[in-house]
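J.: One structure follows; several queries about it will come next.
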Amino acid sequence: MAEDEQRPLKRLRTLAADSEDGAPPAGSSLAAPAVDLEHDSEFWLEDGNVVLVAKNVGFRVYKGLLAAQSPVFYDMFSATSLLADEQHDGVPIVRLCDSPEDLRHLFRVLLPKTQKDVLKDTYNLKTEFHVISALIRLSRKYQIEDVEKRSLSALCAIYATELCRWADIDSAIDEEDRFFAIAAVNLARLTDTPSILPSALYHCVLLQSDLLLGFTREDGTKEYLSQEDLGKCIDGTAQLVASRNTLTLSLASCIRESGADSCLRPGLCAIARKTLSESMVARPLHPGHEAHALSSEARRWAQHGLCDRCIAKLENKEDVLLMNLWTHLPTVFKVDGLGDAWPKAL
1 MAEDEQRPLK RLRTLAADSE DGAPPAGSSL AAPAVDLEHD SEFWLEDGNV VLVAKNVGFR
61 VYKGLLAAQS PVFYDMFSAT SLLADEQHDG VPIVRLCDSP EDLRHLFRVL LPKTQKDVLK
121 DTYNLKTEFH VISALIRLSR KYQIEDVEKR SLSALCAIYA TELCRWADID SAIDEEDRFF
181 AIAAVNLARL TDTPSILPSA LYHCVLLQSD LLLGFTREDG TKEYLSQEDL GKCIDGTAQL
241 VASRNTLTLS LASCIRESGA DSCLRPGLCA IARKTLSESM VARPLHPGHE AHALSSEARR
301 WAQHGLCDRC IAKLENKEDV LLMNLWTHLP TVFKVDGLGD AWPKAL
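Each residue of the sequence shown is one higher than the one before, counting from 1 in the UniProt record's numbering.
Okay, structure coming up:
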């Protein structure tokens, strides 16, 4: 996982610490020296009364607004109000160990400048995952419960417990988007939200050896799965392949037995069913989807010339088999504590 983000904030030195008797050093002034830092282009408010610094990027904001929403910020500002020896234009500076990118996402919610920055219930996986990740991690760190609850709910909507909902999201993403699952697993562990794990670990498995590359946050920080979760992916891969082979062979058997009762062209479909079932037995997983156990075989059926009614029959059969596999994902990845949060086998 990423470097611990919960470590205590660095205590700022006081001017008194630079002299033996507690008085300001000779030739010094009680006024703190100017600090060289980069002003954030979005959150540098000229009348702000505190400057939060992350990696030399300064955010000049209103400490009262932050303190009202976060007990951690409240305690932080109370503790440093008289101790800070770093100032900028007479405004006290507090240094944080967060990234500027993460803080920007949090401040857009806590100090919104436009309506679009107000906390949302849903986010787009492809374009807004970094937002969700930052909001969950920082809202938990700074104990902002409403932000954590709603952003975590948005993550749960992406790594859904319902197969049809998850399939819609999965169909709209590409290989690179699956790296988000690494962070999703870590967020599930951080927040004790096991319902995220089955579908997120499944996406991790689809990365195959690229899983070891980790997930890169906006600031360049790398996240990796824990050894325990890596083990779940390794062990789960073999089970998924075996389960998928069983599923495909069940479909092949269904194809051989008969077509749809109202088949539009019985003779042609009988020939198509024979060649299709033989190809499925010889190669249970179609090329490019060897690890994608929840992928559909519909492309094969159309290519072999089955009529629409025979295809509809197979789709219904496949839906049942895929749902059965979906319900067993927690077992495949050894995820406990789900209770009623995950669908049961039919």
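Glycine residues also receive a C-beta, built at the ideal position from the N, C-alpha and C atoms.
Can you grab the Cα-Cα spacing for the pair F333 / A345, in whole Å?
T.: 16 Å
J.: Rounded to the nearest angstrom, how far is the Cβ of A160 from that of S199, given a contact under 8 Å?
T.: Right, the Cβ-Cβ distance comes to about 7 Å (below 8 Å), so this counts as a contact.
J.: Counting C-beta neighbours from all protein chains within 10 Å, is the total for S171 16 or more, i.e. buried, or is it exposed?
T.: Classified as exposed, S171 has fewer than 16 neighbouring CB atoms from the shown chains inside 10 Å of its CB.
J.: Please state the DSSP three-state secondary structure of H304.
T.: Here H304 sits in coil by DSSP.
J.: On a Cα-Cα basis, can you pick out the residue from C233, K274, C164 and L321 that is closest to W301?
T.: K274
J.: I believe V51 touches F43 by the beta-carbon criterion, under 8 Å. Please report the beta-carbon distance rounded to the nearest angstrom.
T.: Contact doesn't hold; Cβ gap of about 10 Å is too wide.
J.: Taking the alpha carbon of S209 as the reference point, which residue from T193, T191, I196 and G231 has its own alpha carbon closest?
T.: G231
J.: Relative to the C-alpha of Q227, which candidate in C307, L211, L240 and T221 has its C-alpha closest?
T.: L211
J.: Flag this pair as yes or no: are the beta carbons of R178 and L207 separated by less than 8 Å?
T.: yes
J.: Span of the alpha helix (DSSP H) holding V335?
T.: V335 -> no alpha helix (DSSP H), and no H or E assigned at all.
J.: Kindly indicate which three-state DSSP category Q239 falls into: helix, strand or coil?
T.: helix
J.: By Cβ distance, which residues of its chain are closer than 8 Å to L321, with the 5 residues on each side in sequence left out?
T.: L247, S250 and L251
J.: Count the C-beta pairs between the stretch 141-148 and the stretch 67-75 that are closer than 8 Å, then say yes if the count reaches three, no if not.
T.: yes
J.: May I ask which residues mark the beginning and end of the alpha helix (DSSP H) holding H203?
T.: L197 to L206
J.: Please check the pair L110 and Q69, which I expect to be a contact at CB under 8 Å, by giving their CB distance rounded to whole angstroms.
T.: Their Cβ separation, rounded to whole angstroms, is 6 Å, which keeps L110 and Q69 in contact under 8 Å.
J.: At 3 residues or longer, and completely inside the UniProt domain "BTB" (48-110): list those beta strand (DSSP E) runs for me, N to C.
T.: 50-54, 57-61 and 91-95
J.: Determine the DSSP secondary structure at H39, reduced to helix, strand or coil.
T.: Residue state, collapsed to three classes: strand.
J.: Report the partner residues of E223 according to the DSSP bridge assignment.
T.: Paired residue(s): F215.
J.: For the putative contact between D219 and S133, defined by C-beta atoms under 8 Å, what is the C-beta separation to the nearest angstrom?
T.: Rounded, the Cβ-Cβ distance is 11 Å, inconsistent with contact.
J.: Bridge partners of W44, per DSSP?
T.: Paired residue(s): R60.
J.: Which word fits A298, buried or exposed, when buried means at least 16 other C-beta atoms lie within 10 angstroms of its C-beta?
T.: exposed
J.: Please go through the same chain and pick out, in chain order, the residues whose beta-carbon is closer than 8 Å to the beta-carbon of E162, but skip the five residues on each side of it.
T.: Counting only Cβ-Cβ distances below 8 Å, and skipping sequence neighbours, we find P343.
J.: Assuming V57 and L37 make a contact with CB atoms under 8 Å, what is their CB distance in whole Å?
T.: 7 Å
J.: Is DSSP giving K344 helix, strand or coil here?
T.: coil
J.: With a threshold of 16 other CB atoms inside 10 Å of the CB of I234, please say whether the residue is buried or exposed.
T.: With fewer than 16 other Cβ atoms within 10 Å, it is exposed.
J.: Going straight from the alpha carbon of L187 to that of R265, what length do you get?
T.: 52 Å
J.: Excluding the five sequence neighbours on either side, which residues of its own chain have a C-beta within less than 6 Å of the C-beta of A260, listed in chain order?
T.: R309, C310 and K313
J.: In three-state DSSP terms, what is L264?
T.: coil
J.: So is A23 buried or exposed if we call it buried at 16+ other beta carbons inside 10 Å?
T.: Here the model assigns A23 a pLDDT of 41, short of 50, so the residue's position is not dependable and the matter cannot be decided.
J.: In whole angstroms, what separates the C-alpha of D336 from that of G305?
T.: 44 Å
J.: In the structure shown, what three-state DSSP assignment does P194 receive?
T.: Three-state result, P194: helix.
J.: May I ask you to report which of helix, strand or coil DSSP gives D170?
T.: helix
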